[in-house]
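Taken in order, the sequence shown gives residues 2 to 156; the numbers are from the numbering used here.
For glycine and all other residues, C-beta sits at the position ideal for the given N, C-alpha and C.
Computed from a predicted model, the values in this text were never measured in an experiment.
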Amino acid sequence: MGYRPLSIAVLAFASLVCLAIAQTAKPTADKWEAPADAAAKPNPEAKNPDAPAVGRKLYMRTCVGCHEEDGSGKDTGAANLRSPEVQAQSDGALFWKVSNGNTAAGMPSFASLPETDRWDVVTFLRTLKDASGTGAEGSGEGKKDSPQGHKSKGH
Ligand code: HEC
């Protein structure tokens, strides 16, 4: 009967390993976050009135396959770009994510796009928030009539 304690130890170890695997499999395990200096970068296209339209074109060509036309990614499983989590990030942070990608998670790097294009696409992403068709988010800003949402930034 000398083997019993050993098998218990093996079992305990095995369940520990299982636990560890279950933990790392959680989507929140590794936060994909832009470094502070990248996140603090101001968007040079924020005041360009053409930026959202240029960005939209790019988006429809390059990003729509994964993030879908409304940015929700609800059928493809890619990130929901309209979510409060994404919209709460700075332009600099989103720019960094688009530039670097997170290839392990399926988001390609778009460093090959000209910088201005990347800023334009980020500027376009801001319009997705306002386009919320469901209005269920309760941000209190759902029904604004202003077609240009960027006027308030820095007078
Ligand atoms: C091949 C599919 C694919 C393409 C093409 C793609 N993405 Fe993504 N994207 C993803 C996936 C998957 C994630 C989630 C990655 C993660 O959570 O780590 C993501 C995440 C993001 C995020 C971060 C969201 C967050 O949670 O902070 C942004 C911003 C983003 N994508 C923008 C874009 C833009 C802009 C384009 C086009 C220039 C684009 N993506 C093209 C698949 C794609």
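Closest in C-alpha terms to Lys32, from the list Ser113, Asp51, Asn103, comes Asn103. By the criterion of a C-beta distance shorter than 7 Å, Ser73 is surrounded in its chain by Asn81, Arg83, once the five residues flanking it on both sides are discounted. Per DSSP, Thr77 is not a residue of any alpha helix (DSSP H), being assigned neither H nor E. For secondary structure counted as the alpha helix (DSSP H) over 4 or more consecutive residues, the stretch 42–105 holds these complete runs in sequence order: 52–63, 65–68, 85–88, 92–101. Remark: the C-beta of Asn103 is in contact range of the ligand HEC, defined as less than 7 Å to any heavy atom. Within a 10 Å sphere around the beta-carbon of Gly93 sit 16 or more other beta-carbons, which makes this residue buried. From the listed residues Ala79, Asp71, Thr63, the smallest Cα separation to Gly107 is found for Ala79. Linking Leu114 to Ala13 through their CA atoms gives a straight-line distance of about 51 Å.
Distance from Ala35 to Trp97 at the Cβ level is roughly 4 Å; contact confirmed, criterion being Cβ atoms closer than 8 Å.
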